[in-house]
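This report concerns only the one structure given below.
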Amino acid sequence: MLHWPGELPTGWLCDALDQIFIAAPQLSAVVLPRSEWCEEPQALTLFGQVQSDIIHRSAFWQLPLWLSSPANRASGEMVFDAEREIYFPQRPRPQGEVYRRYDPRIRRMLSFRIADPVSDAERFTRWMNDPRVEYFWEQSGSLEVQIAYLERQLTSKHAFPLIGCFDDRPFSYFEIYWAAEDRIGRHYSWQPFDRGLHLLVGEQQWRGAHYVQSWLRGVTHYLLLNEPRTQRTVLEPRTDNQRLFRHLEPAGYRTIKEFDFPHKRSRMVMADRHHFFTEVGL
Numbered sequence: 005m006l007h008w009p010g011e012l013p014t015g016w017l018c019d020a021l022d023q024i025f026i027a028a029p030q031l032s033a034v035v036l037p038r039s040e041w042c043e044e045p046q047a048l049t050l051f052g053q054v055q056s057d058i059i060h061r062s063a064f065w066q067l068p069l070w071l072s073s074p075a076n077r078a079s080g081e082m083v084f085d086a087e088r089e090i091y092f093p094q095r096p097r098p099q100g101e102v103y104r105r106y107d108p109r110i111r112r113m114l115s116f117r118i119a120d121p122v123s124d125a126e127r128f129t130r131w132m133n134d135p136r137v138e139y140f141w142e143q144s145g146s147l148e149v150q151i152a153y154l155e156r157q158l159t160s161k162h163a164f165p166l167i168g169c170f171d172d173r174p175f176s177y178f179e180i181y182w183a184a185e186d187r188i189g190r191h192y193s194w195q196p197f198d199r200g201l202h203l204l205v206g207e208q209q210w211r212g213a214h215y216v217q218s219w220l221r222g223v224t225h226y227l228l229l230n231e232p233r234t235q236r237t238v239l240e241p242r243t244d245n246q247r248l249f250r251h252l253e254p255a256g257y258r259t260i261k262e263f264d265f266p267h268k269r270s271r272m273v274m275a276d277r278h279h280f281f282t283e284v285g286l
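Counting from 5, one number per residue, gives the positions in the sequence shown under the working numbering.
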């Protein structure tokens, strides 16, 4: 039975399929006979997207159904990085909410939106001055310091800041970046559309393992939908962040290597698109 808070949404069919694939992970596909669904507009739209009335789980979860704004396709313009002597594509910057999906496992609506240095400033300052967060981020400071930090992220050419929400209540912060253009790009053989992220959970009530799996899979899902050509997502947490490492493998992340930044020793972990959608899922 489809679980949904309140009345069924307009796109109930896709929500039902999403929940079926989660409830029955051994199920690789669902058949919606075209002859029986030919009068249902949602089904016809779905048939057009997958070019079949057989809905494969891995293909279904790669549809842009959960994006709140169009995928982040690069334009033809290029930007020159003088320090590294490399050209990078110019990409549109996302605005507002970028992703929204109901997670039936925890019965919460997960969403991500662009951080706002005005409305998020006090909350972000509290998070960054939490000793647990400060230990790994080393970014504590006053309200003015944190506002300036968010503004720098919002104008970055290769990254942007997100606020994660459960039921529209902010609980986490993410920095999404293009790996080739980030400091990690000097430490591995990157592919052109690799994505990476830095993260923190600022609210204690959302630090349980079941919540971690929800947002970790959710943000990975967003990165893979946001740029359909992205095949890999990477993180480089400090090697002593054992709490995080316990959650990474179940979400599809595998250890690649350990290496040194000037300020920390890191472990590089990576998730692969094919493995994520066929073996891990949402």
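For each residue, glycine too, the CB sits at the ideal point set by N, CA and C.
Being a predicted model, the structure only gives us computed values, none of them experimental.
Which same chain residues, not among the five before or five after residue 257, have their C-beta less than 6 Å away from its C-beta? 273, 275
Could you pull out every residue in the same chain whose Cβ sits closer than 6 Å to the Cβ of residue 22, ignoring the five residues on either side in sequence? none
Measuring CA to CA, which of 27, 47, 43, 165 is closest to residue 35? 47
What does the Cβ neighbour count give for residue 209, buried or exposed, with the cut at 16 atoms within 10 Å? exposed
Quick check on the burial criterion: 16 or more other C-beta atoms within 10 angstroms. Buried or exposed for residue 176? buried
Straight-line gap, residue 152 to residue 284 (C-alpha atoms, nearest Å): 38 Å
Of the choices 50, 172, 162, whose alpha-carbon is the least far from that of residue 101? 172
Nearest candidate by alpha-carbon position, reference residue 129, set 220, 174, 144: 144
Spell out the partners DSSP gives residue 178 in its beta bridges. 166, 203
Exposed or buried, residue 270, counting other C-beta atoms within 10 Å across all chains shown (16 or more means buried)? buried
DSSP puts residue 259 in a beta bridge; with which residues? 273
When you compare only the Cα positions, how much space is there between residue 18 and residue 246? 36 Å
Which of the three DSSP states, helix, strand or coil, is assigned to residue 188? helix
Nearest by alpha-carbon distance to residue 267: which of 243, 27, 84, 162 is it? 243
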